[in-house]
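Start counting the sequence shown at 1; every next residue gets the next number (the UniProt record's numbering). Note that CB positions come from ideal geometry on N, CA and C, so glycine has one too. Quick caveat: nothing in here was measured; it's all calculated off a predicted structure.
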Amino acid sequence: MEPVVRLRGVSKEFPGVVAVDGVDLDILPGEVHVVAGENGAGKSTLMKLLSQVERPTSGEIYISGERVEFHGPGHARRLGVAMVYQEFALAPHLSVAENLFLGREPGRGGFVNRRAEKEEARGLLRRVGLEVDPDRLVSSLTVAEQQRVEIAKALAIDARVVIMDEPTATLAEKEIEELFEVIRDLTSHGRAVLYISHRLDEIFRIADRVTVMRDGKVVATLPVEELDEAKLVRLMVGREIGNLYPKPEAEIGEVLLRVRGLSRGERLKDCSFEVRAGEILGFAGLVGAGRTELARAVFGADPVDSGEIELEGRPLRIRKPQDAIEAGIGYLTEDRKGEGLALQLGIDQNITLASLPARLGFIGLGRERSIAERRREQLNIRTPSVRRKVQVLSGGNQQKVVVARWLETRARVLFFDEPARGIDVGAKAEMFALIGELAREGRGIVLISSYLPELINMCDRILVMRDGRVAGVLEREEFSEEGIIALATGVKETV
Ligand SMILES: Nc1ncnc2c1ncn2[C@@H]1O[C@H](COP(=O)(O)OP(=O)(O)OP(=O)(O)O)[C@@H](O)[C@H]1O
Ligand SMILES: [Mg+2]
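Structural data, given as structure tokens:
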């Protein structure tokens with residue numbers, strides 16, 4: 001079978017970094033080809049070379065046997081390479097139909113036949129399982145729906161290769177299953193799907209073949225049948241990872257944070273909980289159950305209708321995040337791009353950003369750098385220099401910068417919202433070891449996660465939310481996936 005895409009000796013250098021290093025790769029029609037590897041391994045960059053967002057430093061790219069020259073993203077699209085971005089590239093204030101045909105040349109005489117376009121749009125949307133009016137504005141769609149529009153866009157140009165960079169990072173389980181159906185439909189029509197993911201469970205569900213990258217190079221390309229989790233992890237990080245979730249033996253002390261009767265419209269109803277020093281409290285629940293809302297309410301990011309918050313016995317009046325930060329409450333958002341980082345500033349500046357109360361107040365430049373250096377070491381942030389702008393870091397490494405920043409504060413209670421999302425297995429183990437370390441220092445930790453093994457291994461207690469309420473709190477000896485799911489869905493366990 002002739003590959004749809006063939007890469008030969010493809011490299012991409014950025015100042016100080018060889019992001020992609022002499023890659024040879026064949027992508028076959030009709031396959032789901034997963035690209036895996038640690039943060040900063042070069043996965044996203046490789047996809048940008050293929051979709052001509054970046055120009056290769058050297059090497060050859062063939063599409064359907066033809067050598068292609070670099071002419072930018074429009075050219076790649078015309079050759080049948082479509083990219084579904086990690087952050088979507090749709091125009092929010094245009095309609096779904098307009099987005100689908102954006103950049104397409106009008107028909108003869110310069111006219112666009114709106115009616116025909118709308119009909120065509122309906123057909124494309126149906127094929128990706130989306131029942132929305134093509135006249136709706138993209139901004140009114142959910143994230144999962146917008147992603148579907150992106151895929152429909154790939155169908156609109158009759159793409160031969162559809163690239164998806166961590167497409168499930170922001171999806172709920174049901175939406176993931178739907179996305180997989182769309183992917184299977186694409187491949188059954190002979191299209192190739194190139195799929196970047198950090199989630200091992202997902203890789204084994206969807207991949208036909210897996211290519212592992214490390215430090216810009218391809219380590220191996222294997223059919224998924226020849227892999228198991230342990231082998232895949234070993235290929236990615238080049239070593240064994242013993243324990244993914246090192247549970248700390250922390251001493252559990254006094255109540256640090258006490259939240260009583262927190263309510264906010266329909267989203268939060270009378271929520272109460274406590275976090276003790278040294279404790280890791282999990283928040284479980286379905287997407288939309290109110291876990292993030294509860295964290296945001298405590299942190300002062302959203303106004304509340306009623307409720308009380310106490311830290312170490314002192315009642316707090318939190319009206320905005322700055323109040324929470326000053327009182328000693330930290331929140332690592334799930335949306336690192338939106339809220340977490342100043343992309344234009346250096347890694348060092350982001351870590352010691354002045355909006356947070358630093359340990360010593362004013363921090364001089366040299367000190368800023370040495371703090372950042374230490375965190376880079378500890379969290380294994382991949383960059384040639386901490387002076388670099390955060391913008392040029394890979395997705396997972398940006399996540400680590402957010403964590404580093406919170407570690408520099410005196411926060412007594414830290415909320416981690418999906419901290420493992422988008423980071424590689426090795427870093428995940430490091431991240432959880434670090435969370436355990438923070439608990440051992442006597443801080444109180446709230447861990448929000450949709451992945452039950454994470455919660456079950458790491459937490460001392462798990463609070464389960466359903467429809468904006470606390471459905472129950474489980475002690476460690478009561479932990480089970482079934483028990484949590486039963487509380488989260490409201491469906492009684494069948495004995
Ligand atoms: N525009 C850029 N300028 C400088 N360096 C860059 C640029 N884009 C990427 N890099 C560097 O290239 C390397 C590979 O980054 P890339 O984004 O491809 O990694 P990745 O495998 O997608 O990682 P992740 O899993 O974290 O998303 C990283 O060291 C990154 O900092
Ligand atoms: Mg990436």
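(message) What does the Cβ neighbour count give for N113, buried or exposed, with the cut at 16 atoms within 10 Å?
(response) What you label residue 113 is simply residue 113 of the sequence shown in a count that begins at 1. Exposed, because fewer than 16 other Cβ atoms sit within 10 Å of the Cβ of N113.
(request) Assign N243 to one of two classes, buried (16 or more other C-beta atoms within 10 Å of its C-beta) or exposed (fewer than that). (result) Taking the first residue of the sequence shown as 1, we reach residue 243 at position 243. Result: exposed.
(request) Could you please give me the residues that DSSP links to residue 500 through a beta bridge? (result) Because the chain is modelled from 1 through 495, residue 500 falls outside the range shown and cannot be assessed.
(message) Is G426 close to ligand 2? I mean its beta-carbon at under 8 Å from any heavy atom of the ligand.
(response) As a working mapping, residue 426 is identified with position 426 in the sequence shown. No, the beta carbon of G426 sits no closer than 8 Å to any heavy atom of ligand 2.
(request) Quick one: residues in its chain with C-beta nearer than 7 Å to the C-beta of V20, no 5 flanking neighbours on either side, listed in chain order? (result) Reading the sequence shown from its first residue, position 20 is the one you call residue 20. So the qualifying residues of the chain are V10, S11, K12, G42, T45, L46, L49, G216.
(message) Could you check whether R260 and E293 sit closer than 9 Å to each other, using their CB atoms as the reference points?
(response) Residue 293 sits at position 293 when you count from the first residue of the sequence shown. Residue 260 sits at position 260 when you count from the first residue of the sequence shown. It is not a contact, given that the beta carbons lie outside the stated cut-off.
(request) Determine which residues share a DSSP beta bridge with R314 and list them. (result) Counting from one through the sequence shown, the residue named residue 314 turns up at place 314. DSSP, once it has assigned bridges, lists L311 as partnering R314.
(message) Taking 6 Å as the limit between beta carbons, can you name the residues of its chain near G16, skipping five residues before and five after?
(response) For this step, residue 16 is matched to residue 16 along the sequence shown. Here G16 has P384 as same chain residues with Cβ atoms under 6 Å from its own Cβ, once five neighbours each way along the sequence are excluded.
(request) Compare the Cα-Cα distances from M83 to each of E177, A192, N39 and report the closest residue. (result) As a working mapping, residue 83 is identified with position 83 in the sequence shown. When the alpha-carbon of M83 is set against those of E177, A192, N39, the nearest one is in A192.
(request) Please name the residue or residues paired with K12 in a DSSP beta bridge. (result) Numbered from 1 along the sequence shown, position 12 holds the residue referred to as residue 12. DSSP lists V20 as the beta-bridge partner residues of K12.
(message) Buried or exposed, going by whether 16 or more other CB atoms sit within 10 Å of the CB of P92?
(response) The count along the sequence shown starts at 1 and reaches residue 92 at position 92. P92 should be labelled exposed.
(message) Give me, in chain order, the residues of the same chain whose beta-carbon lies closer than 8 Å to that of N380; leave out the 5 immediate sequence neighbours on both sides.
(response) Start at 1 with the first residue of the sequence shown, and residue 380 comes out as number 380. Cβ within range, chain order: K400, G426, A427, E430.
(request) Pick out whichever of G444, D348, R376, E437 has its Cα sitting closest to the Cα of G282. (result) Position 282 of the sequence shown, counting from 1, holds the residue named residue 282. Answer by Cα proximity: G444.
(request) Please classify S394: is it buried, with 16 or more other beta-carbons within 10 angstroms of its beta-carbon, or exposed? (result) Along the sequence shown, one-based indexing puts residue 394 at 394. By the neighbour-count rule (16 or more Cβ atoms within 10 Å), S394 is buried.
(request) Classify Y331 as buried or exposed, calling it buried when 16 or more other Cβ atoms lie within 10 Å of its own Cβ. (result) Taking the sequence shown and counting its residues from 1, one reaches residue 331 at position 331. Here Y331 is buried. Its C-beta has 16 or more other C-beta atoms within 10 Å.
(message) Can you list, in chain order, the residues of its chain with a C-beta nearer than 8 Å to that of A488? Leave out the 5 residues immediately preceding and following it.
(response) In the sequence shown, residue 488 corresponds to position 488, counting from 1. These residues qualify, in order along the chain: A284, G285, L286, A289, V464, M465, R466, A471.
(message) My parser needs the beta strand (DSSP E) runs of 3 or more residues fully inside the region 200 to 227; what are they?
(response) Qualifying beta strand (DSSP E) stretches, in chain order: 209 to 214, 217 to 223.
(request) Would you mind reading off the limits of the alpha helix (DSSP H) that contains S64? (result) Taking the sequence shown and counting its residues from 1, the one referred to as residue 64 is at position 64. If you look at S64, you'll find it isn't in any alpha helix (DSSP H); DSSP assigns it neither H nor E.
(message) Can you tell me whether A258 is helix, strand or coil according to DSSP?
(response) Taking the first residue of the sequence shown as position 1, residue 258 is located at position 258. Note that residue 258 is Arg in the sequence shown, not Ala. Correct three-state label for R258: strand.
(message) My assumption, with CB atoms under 8 Å, is that N457 sits in contact with Y245. Please give the rounded CB distance.
(response) As a first step, residue 457 is located in the sequence shown; it is residue number 457 there, counting from the start. As a first step, residue 245 is located in the sequence shown; it is residue number 245 there, counting from the start. The distance from the Cβ of N457 to that of Y245 is about 4 Å, consistent with a contact at the 8 Å cut-off.
(request) Determine, using beta-carbon pairs with one atom in the region 145 to 152 and one in the region 116 to 128, whether at least three such pairs fall under 8 Å. (result) Between the region 145 to 152 and the region 116 to 128 there are three or more C-beta pairs closer than 8 Å, enough to call the two in contact.
(request) Could you round the C-beta distance between V413 and G328 to whole angstroms and report it? I think they count as a contact, below 8 Å. (result) Taking the sequence shown and counting its residues from 1, one reaches residue 413 at position 413. Taking the sequence shown and counting its residues from 1, one reaches residue 328 at position 328. Contact check for V413 and G328: beta-carbon distance about 7 Å, within the 8 Å limit, so the pair qualifies.
(request) Answer yes or no: the CB of E454 versus the heavy atoms of ligand 2, is any distance below 8 Å? (result) In the sequence shown, counting from the first residue as 1, residue 454 sits at position 454. No, the Cβ of E454 stays beyond 8 Å of every heavy atom of ligand 2.
(request) Taking 9 Å as the cut-off, decide whether the C-beta atoms of L137 and S197 are in contact. (result) By one-based count along the sequence shown, residue 137 stands at place 137. By one-based count along the sequence shown, residue 197 stands at place 197. S197 is positioned such that its CB atom lies no closer than 9 Å to that of L137.
(request) Compute the beta-carbon to beta-carbon distance between S263 and V298, rounded to the nearest angstrom, for a pair I have assumed lies under 8 Å. (result) On the sequence shown, residue 263 is found 263 positions in, with the first residue counted as 1. On the sequence shown, residue 298 is found 298 positions in, with the first residue counted as 1. Going by Cβ atoms, the distance from S263 to V298 rounds to 13 Å, so no, they are not a contact pair.
(message) Is R382 near ligand 1 - that is, is its Cβ less than 8 Å away from at least one heavy atom of it?
(response) Taking the sequence shown and counting its residues from 1, one reaches residue 382 at position 382. Placement of the Cβ of R382 at a distance of less than 8 Å from at least one heavy atom of ligand 1 is found.
(message) Among E368, M164, L7, whose alpha-carbon lies nearest the alpha-carbon of V34?
(response) Your numbering for residue 34 matches position 34 in the sequence shown. Considering only E368, M164, L7, the residue with the shortest C-alpha distance to V34 is M164.
(request) May I ask you to report which of helix, strand or coil DSSP gives K269? (result) Looking up residue 269 in the sequence shown gives position 269. For K269, the secondary structure class from DSSP, reduced to helix, strand or coil, is strand.
(message) My parser needs the alpha helix (DSSP H) runs of 4 or more residues fully inside the region 437 to 463; what are they?
(response) The qualifying runs are 452 to 458.
(request) Please say whether F416 and I448 have beta carbons closer to each other than 9 Å? (result) Position 448 of the sequence shown, counted from the start, is the residue given in the question as residue 448. Position 416 of the sequence shown, counted from the start, is the residue given in the question as residue 416. Contact annotation: I448 and F416 have beta-carbon atoms nearer than 9 Å.
(request) Flag this pair as yes or no: are the beta carbons of G72 and Q52 separated by less than 9 Å? (result) Taking the sequence shown and counting its residues from 1, the one referred to as residue 72 is at position 72. Taking the sequence shown and counting its residues from 1, the one referred to as residue 52 is at position 52. Against a cut-off of 9 Å, the Cβ pair of Q52 and G72 comes out as a contact.
(request) Within its chain, find whatever has a CB closer than 7 Å to the CB of V18; leave out the 5 residues flanking it on each side and keep chain order. (result) Reading the sequence shown from its first residue, position 18 is the one you call residue 18. If we look at V18 and ignore the five residues flanking it on each side, its Cβ neighbours are S11, G216.
(request) Note down the Cα distance separating A354 from L341, rounded to an integer number of angstroms. (result) As a working note, residue 354 is residue 354 in the sequence shown. As a working note, residue 341 is residue 341 in the sequence shown. Because A354 carries a pLDDT of 47, less than 50, the predicted location of this residue cannot be relied on, and no value is offered for it.
(message) With H, G and I counted as helix, E and B as strand and the rest as coil, what does DSSP make of M1?
(response) Position 1 of the sequence shown, counting from 1, holds the residue named residue 1. Secondary structure at M1: coil, using DSSP grouped into helix, strand and coil.
(request) Look at A97 and G278 and say whether their C-beta atoms are less than 9 Å apart. (result) Residue numbering aside, residue 97 sits at position 97 when the sequence shown is read from its first letter. Residue numbering aside, residue 278 sits at position 278 when the sequence shown is read from its first letter. With contacts defined as CB atoms closer than 9 Å, A97 and G278 fail to qualify as a contacting pair.
(request) Spell out the partners DSSP gives V275 in its beta bridges. (result) Translated into the one-based positions of the sequence shown, residue 275 becomes position 275. Bridge pairing for V275: L257 [DSSP].
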